[in-house]
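Protein chains in written order, with my numbering: chain H, 1 to 357; chain L, 1001 to 1357; chain E, 2001 to 2357; chain S, 3001 to 3357.
Structure record follows, encoded as structure tokens.
Protein chains: 4
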Amino acid sequence: MAGNSFGNIFKLTTYGESHGVSIGGIIDGCPSNIPLDLNLIQQELDRRKPGQSNIVTQRKESDIVQFKSGLFEGKTTGTPIAFEIVNADSKSKDYSHIKDVYRPSHADFTYQKKYANRDYRGGGRSSARETASRVVAGAIAKQLLKELKFTAYTSAVGNMQLNKDYPQLDFTNIEQNPVRCADLDLAKKMEDYIKQIRKEGDTIGGVITCVIQNIPVGLGEPVFDKLHADLGKAMLSINAVKGFEIGSGFEGTTMKGSEHNDLIQTNEQTSTNFSGGVQGGISNGMDIVFKVAFKPVATLMQKQKTINTTQTEVEMQGKGRHDPCVVPRAVPIVEAMAAMVILDHLLLHQARKNFRF
Amino acid sequence: MAGNSFGNIFKLTTYGESHGVSIGGIIDGCPSNIPLDLNLIQQELDRRKPGQSNIVTQRKESDIVQFKSGLFEGKTTGTPIAFEIVNADSKSKDYSHIKDVYRPSHADFTYQKKYANRDYRGGGRSSARETASRVVAGAIAKQLLKELKFTAYTSAVGNMQLNKDYPQLDFTNIEQNPVRCADLDLAKKMEDYIKQIRKEGDTIGGVITCVIQNIPVGLGEPVFDKLHADLGKAMLSINAVKGFEIGSGFEGTTMKGSEHNDLIQTNEQTSTNFSGGVQGGISNGMDIVFKVAFKPVATLMQKQKTINTTQTEVEMQGKGRHDPCVVPRAVPIVEAMAAMVILDHLLLHQARKNFRF
Amino acid sequence: MAGNSFGNIFKLTTYGESHGVSIGGIIDGCPSNIPLDLNLIQQELDRRKPGQSNIVTQRKESDIVQFKSGLFEGKTTGTPIAFEIVNADSKSKDYSHIKDVYRPSHADFTYQKKYANRDYRGGGRSSARETASRVVAGAIAKQLLKELKFTAYTSAVGNMQLNKDYPQLDFTNIEQNPVRCADLDLAKKMEDYIKQIRKEGDTIGGVITCVIQNIPVGLGEPVFDKLHADLGKAMLSINAVKGFEIGSGFEGTTMKGSEHNDLIQTNEQTSTNFSGGVQGGISNGMDIVFKVAFKPVATLMQKQKTINTTQTEVEMQGKGRHDPCVVPRAVPIVEAMAAMVILDHLLLHQARKNFRF
Amino acid sequence: MAGNSFGNIFKLTTYGESHGVSIGGIIDGCPSNIPLDLNLIQQELDRRKPGQSNIVTQRKESDIVQFKSGLFEGKTTGTPIAFEIVNADSKSKDYSHIKDVYRPSHADFTYQKKYANRDYRGGGRSSARETASRVVAGAIAKQLLKELKFTAYTSAVGNMQLNKDYPQLDFTNIEQNPVRCADLDLAKKMEDYIKQIRKEGDTIGGVITCVIQNIPVGLGEPVFDKLHADLGKAMLSINAVKGFEIGSGFEGTTMKGSEHNDLIQTNEQTSTNFSGGVQGGISNGMDIVFKVAFKPVATLMQKQKTINTTQTEVEMQGKGRHDPCVVPRAVPIVEAMAAMVILDHLLLHQARKNFRF
């Protein structure tokens, strides 16, 4: 009801501003007595952290997660798992260039109008730094869902689109290149393009595709909490996301039913998967496939006109270290959110399915 | 937690199968002492009902809504508003052709696997008939939001796309044609196309664009319940929807930041609106603009191969009266869901904003 | 968030005013494929209905429940179960004596102040008639919990207290007398007392004790959703309830720890049960035992001073048919609420406990 | 849905085990731009902390709260307020005497059965240490509700009962004595009695009365989220609480309606207040008055028989520093929970009441 919790049975609540003391969260409802590998969690965080390659922001954040509760002798206790990531880069700085300025296509204006008091340092709560907490919770969800495989990858940067469907791709390529594209040739071109964009002081948008494999049949709660509706909300809640489509998505609107229908075979698999693994809001056991659209980063190393808090026109320019393209670092965030949605729905589905008394 | 409630402060819970006794719902949390025009509610229902034109299903449903509670002397009482729409067309019929068959790209298979007991008559709960209840609640939300304007219209049928942006359109055209396209020339072509598709026993997808005007600044609850995330979930929960995008959406991923940023002017309006009226998950006062992708209707008047509940291959064909294209009747549903999301967020935002004690 | 839903995974939403068209509700989240005996549901309703004996109100309500959805071929489908109970006794009457009057210790004043528009006919939404919907949902919950035994009984009427602990009582007595006391001698005295009270035009309070047997270990979600906290809320939400205590309750505050501690035996049962079956908010497998305090009915057949909506002093007197003591008819309501709480917690507990993937 | 969140619009989520790294929480939904006095929050914590007098546990915890987010330049920002209280007393100790033992009337047995993995050090999550987080959130709620007055006090210790109604009491006495009784003579007797009980290695129960003054009319959401139902749940969720009653409570069940009804006067106040400030689940503007029953502390400095995790009978005895009576330190907890309930309901009520668009 206040926007900082996600999930129902496996529920994450996050806190923290980009330049405050720390960010972090509380996971409530994790099943108990499950062994957790904390290194795997840190590894997921490292995939998201700044400074990992030469095409992402060089902001200095080690992003070390510390756990405060909910674990005992290496296993979950069923009580809340609290964690904290200290903001190493939160030293006193000069924010005078943005203090009273509404940066274009940022949330400065809307936060100021909504809350009347705003931590203007580095975006405060509206900074994508908050998503580090999501990655922590998602990494835990993934460990509980070991039999499933969550794979996200960059499928477009600007007009450069990966025109292969995922069965034609080698997912092991993804972590072999800084763009996290599943095709190495295209990855190289995307990397060069991003570098060029950065040189121009500009930024560029992109698309991430996500595939969830080995998904059980039956997840999703019609009519409102359909599985893809919750996946869509999860993705749209990530900073800079402007679109979501599952299966055939917008392209599918141009198809006829006779082309689009996924015929069911005697093995209960469908011959095609235009549905993207969801029928009537419930997983049908086929791979779940969806795409997420990210707008270009709003902070430019170029002068832009805008206004300040007294409605006076001013000129401003981004300072410091920013991402020229958000998608490489967003790949683990997409996976994290997907894992949380699936785990939450799995727990909910099992609540009733296992009803035997 | 069970999928049949939508919203938090203004909350709709729906019930009903397509061929059961009735469908309906309960609206909990409607502000009290608000006059309601019941005719306006029925009018919205009439926009969704079968048989309204020659390009939609001819199923016979008068879809008359009856109210059971929550109203007194023409005004809301603040107590739950329950309503019922009797299923006129629920007579005993022959459903033997679908009883044991999983129709392709329908929810028969997933409902059977999830619930083990399924009302197979006409889709049961998975039928889009359920959305009539949403239209009722949305029509009430609209009356509470009289100062806002919710306008949805068909912007694509198959490959026929409306290539004008909404400021170039005359919204009064929308209800003047059975397709609910905002351009009358294109509407005629779309209508002819849909008729041809129907003749082929086939179906076709489409896109609906929705514009919300006169929206106040400040709606949306970051970081998870961002306004567009909740709009996205609402739209993705509608039958046949496979995609959602706000503002520049997927197209915006190909743009540079220098092209995409919406510069803020001294009147606090932006010069462009690639953001679609939402920044950082909060409305910025510009028009909210989003698109919704609908797949082609799964029921064909053609023979298709599929399997039955004993995993045997069978051939089946749709019977009776079905929509060749879902978008004309989905227009009021999109508006209804949008109105509910906005009202719920407005109430929530006001809860804290008006805090004075 | 608006007060008319109860439960999380098994969730009831109710609607309806005492003299409107009907009352009813929607149960969302009932496990699927469970056979339901509709007669048993009606039987529970009959235990609550007016006119069943000579010490309860003679209001004429047949209270027949009709189901609208969620059932197919005698079993639950997992979709919402909607039901309606038509208000037989809602004919046009003369309500002029209460229209503008705030009846003492009724909710007229608070509803008017909160909502500004109020259905004054017979209490409207604040009437205990609403609890019939709870009995329906509780009767379904009971059928899902066949291995458990829910037994409520009248343990006090005014100063007449049943001074035996439940193991000394024969529960088969309860339905053998109109007071629903578990001791037949005392029941007769209570009955006579209630008749005398009624003759005086007065009313009297009472206490209901509830015992839940064969409860599994592990239900309850600390630290806020402790099992007894949710039971307490459930009971306090019933009309006229002013107190709740579990196990030793208020009496236990006078005891020393050395007297009060329940020693655990090698069979994992405790030698005493001052805890009332809950330790740390979680069921420990012992019987759950709690008491619920009901105030005397506020409607008197005596003249009382009060004010009207214009703050003028007036005199008023109850008309028609009212209960002199609420507890006999409240017994099935207490059981119903208890069953819903237990089922909801059981489903929630199983969601995580059964986590194996 | 997992038990560690409380409230809806003003929502607290807590974490932490008594002997883990720290305890703390996240408050989501606090109205923005409200100045907070952090010293007042620490002062409330000091009222709850160990070692404050000679009749409470001498455990060494300084209980200093640190804030991590949600505050900027002394005011709330509307984003989550996270806080942490480090466990000073969490050093490595010898817990071998309780590691495998189920202490009588503690939650060891139920946590072990529910979660299968349990932090046995000092009670872990089931320790009342968790309530410090509630006091922090309650202290913030109180600051937002400056016009209201929340006063809790010890009204019984064992059989020693304070037989005066609150209008006869001087509330300034409460903080003048270590028992937090509002009558100084009785307080001295209670203090002596608690010391004697402690000398015996025993413990004793007690009752806290809470009065909320200057409450606005209209708070509470019938029919399930009645104001007193939520207050009851809040109180029953506090460690060691076994009973709750509002207004006349259990005593009121012995009264006749003609004695019990609160007559409404022309100033809209009632002549008596047997209702305890709530009618039909909604505040009527009169003082809210309720009582909370606390059982005797379960940890005794006496030998007790119990079993261990292998179902073998063992003898055990409490070690270290424990409270002989919980009520003196529970007084601020009762106030904190009450303040959170009232604030949450006030925000919710205002959401709809202020609906003007």
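Note that CB positions come from ideal geometry on N, CA and C, so glycine has one too.
Since we're looking at a predicted model, the values are computed, not measured.
Item, Value
"Rounded C-beta distance between residue 3222 of chain S and residue 3328 of chain S? I'm assuming under 8 Å.", "Contact doesn't hold; Cβ gap of about 35 Å is too wide."
"As an exercise, report each continuous alpha helix (DSSP H) stretch of at least 4 residues that is fully enclosed by the segment 3244-3301 of chain S, in chain order.", "3257-3260"
"Which whole-angstrom value describes the C-beta separation of residue 252 of chain H and residue 1075 of chain L, a residue pair presumed to lie in contact below a C-beta threshold of 8 Å?", "About 45 Å separates the two Cβ atoms, so there is no contact after all."
"Measure the alpha-carbon distance for residue 2300 of chain E versus residue 2087 of chain E and round it to whole angstroms.", "23 Å"
"Taking all protein chains shown into account, do 16 or more other C-beta atoms lie within 10 angstroms of the C-beta of residue 3344 of chain S, making it buried, or fewer, making it exposed?", "buried"
"Checking contacts by CB at 8 Å: is residue 289 of chain H closer than that to chain L?", "no"
"Cβ of residue 153 of chain H less than 8 Å from any chain L Cβ?", "no"
"Against chain L, which members of the segment 319-341 of chain H pass a CB distance test of less than 8 Å?", "none"
"Look at the Cβ atom of residue 3336 of chain S, then the Cβ atom of residue 3061 of chain S, and state whether they are nearer than 8 Å.", "no"
"Touch check for the segment 3017-3035 of chain S and the segment 3096-3116 of chain S: three-plus C-beta pairs under 8 Å?", "no"
"Check distances from the C-beta atoms of the segment 2059-2079 of chain E to those of chain L and list, in chain order, the residues that come in under 9 Å.", "2066, 2067, 2068, 2069, 2070, 2071, 2072, 2073, 2075, 2076, 2077, 2078, 2079"
"Could you pull out every residue in the same chain whose Cβ sits closer than 6 Å to the Cβ of residue 2952 of chain S, ignoring the five residues on either side in sequence?", "Missing from the structure shown is residue 2952 of chain S; chain S here goes from 3001 to 3357 and no further."
"What residues match up with residue 2183 of chain E in a beta bridge as DSSP calls it?", "According to DSSP, which records beta bridges pairwise, residue 2183 of chain E is partnered with nothing at all."
"Using a Cβ-Cβ distance cut-off of 8 Å, determine whether residue 2260 of chain E contacts chain S.", "yes"
"Counting only beta-carbon separations shorter than 8 Å, does residue 31 of chain H have a partner in chain E?", "yes"
"Whose CA, out of E:2258, E:2192, E:2055, lies closest to the CA of residue 3197 of chain S?", "E:2258"
"Relative to the C-alpha of residue 2246 of chain E, which candidate in S:3288, S:3292, S:3209 has its C-alpha closest?", "S:3292"
"Can the beta-carbon of residue 232 of chain H be found less than 8 Å from the beta-carbon of residue 1006 of chain L?", "no"
"Could you check whether the segment 2306-2313 of chain E touches the segment 3266-3279 of chain S, counting it as contact only if at least three pairs of C-beta atoms, one from each stretch, sit closer than 8 Å?", "yes"
"Tell me whether the segment 66-86 of chain H and the segment 48-57 of chain H touch, counting them as touching only if at least three CB pairs, one residue from each stretch, are closer than 8 Å.", "no"
"Does residue 2264 of chain E have its Cβ less than 8 Å from a Cβ in chain S?", "yes"
"Can you tell me whether residue 1171 of chain L is helix, strand or coil according to DSSP?", "helix"
"Out of S:3160, S:3271, S:3195, point me to the one whose CA is closest to residue 2255 of chain E's CA.", "S:3160"
"Give the secondary structure of residue 2351 of chain E by DSSP, where H, G and I count as helix, E and B as strand, and everything else as coil.", "helix"
"Smallest Cα separation from residue 2270 of chain E: which of S:3279, S:3306, S:3290, S:3260?", "S:3306"
"Using a Cβ cut-off of 7 Å, pull out every chain H residue sitting near residue 1298 of chain L, in sequence order please.", "257, 261"
"Please list, in chain order, all residues of the same chain as residue 1205 of chain L whose beta carbon is under 6 Å from its beta carbon, the five residues on each side excluded.", "1294, 1295, 1296"
"Which partner residues does residue 2210 of chain E have in the DSSP bridge list?", "E:2152, E:2290"
"Where residue 3323 of chain S and residue 2226 of chain E are concerned, what is the direct C-alpha to C-alpha distance, given to the nearest angstrom?", "23 Å"
"Output the distance between the C-alpha atoms of residue 2289 of chain E and residue 2033 of chain E, rounded to the nearest integer angstrom.", "31 Å"
"Starting from the Cα of residue 2150 of chain E, find the closest Cα among E:2001, E:2024, E:2166 and give me that residue.", "E:2166"
"Under 7 Å Cβ-Cβ, which residues of chain E neighbour residue 3150 of chain S?", "Near residue 3150 of chain S there are no residues of chain E at all, since even the closest Cβ is about 19 Å away, more than 7 Å."
"What did DSSP end up calling residue 2112 of chain E once you bin it into helix, strand or coil?", "helix"
"Return the chain-ordered list of same chain residues with a C-beta closer than 7 Å to the C-beta of residue 357 of chain H, the five sequence neighbours on each side being excluded.", "Only weak support exists for where residue 357 of chain H lies, its pLDDT of 49 falling under 50; the value from the coordinates is given anyway. Excluding residues within five positions, none has a Cβ falling inside 7 Å."
"For residue 2052 of chain E, does the three-state DSSP call read helix, strand or coil?", "coil"
"Considering only the beta carbon of each residue, do residue 282 of chain H and residue 184 of chain H sit closer than 8 Å?", "no"
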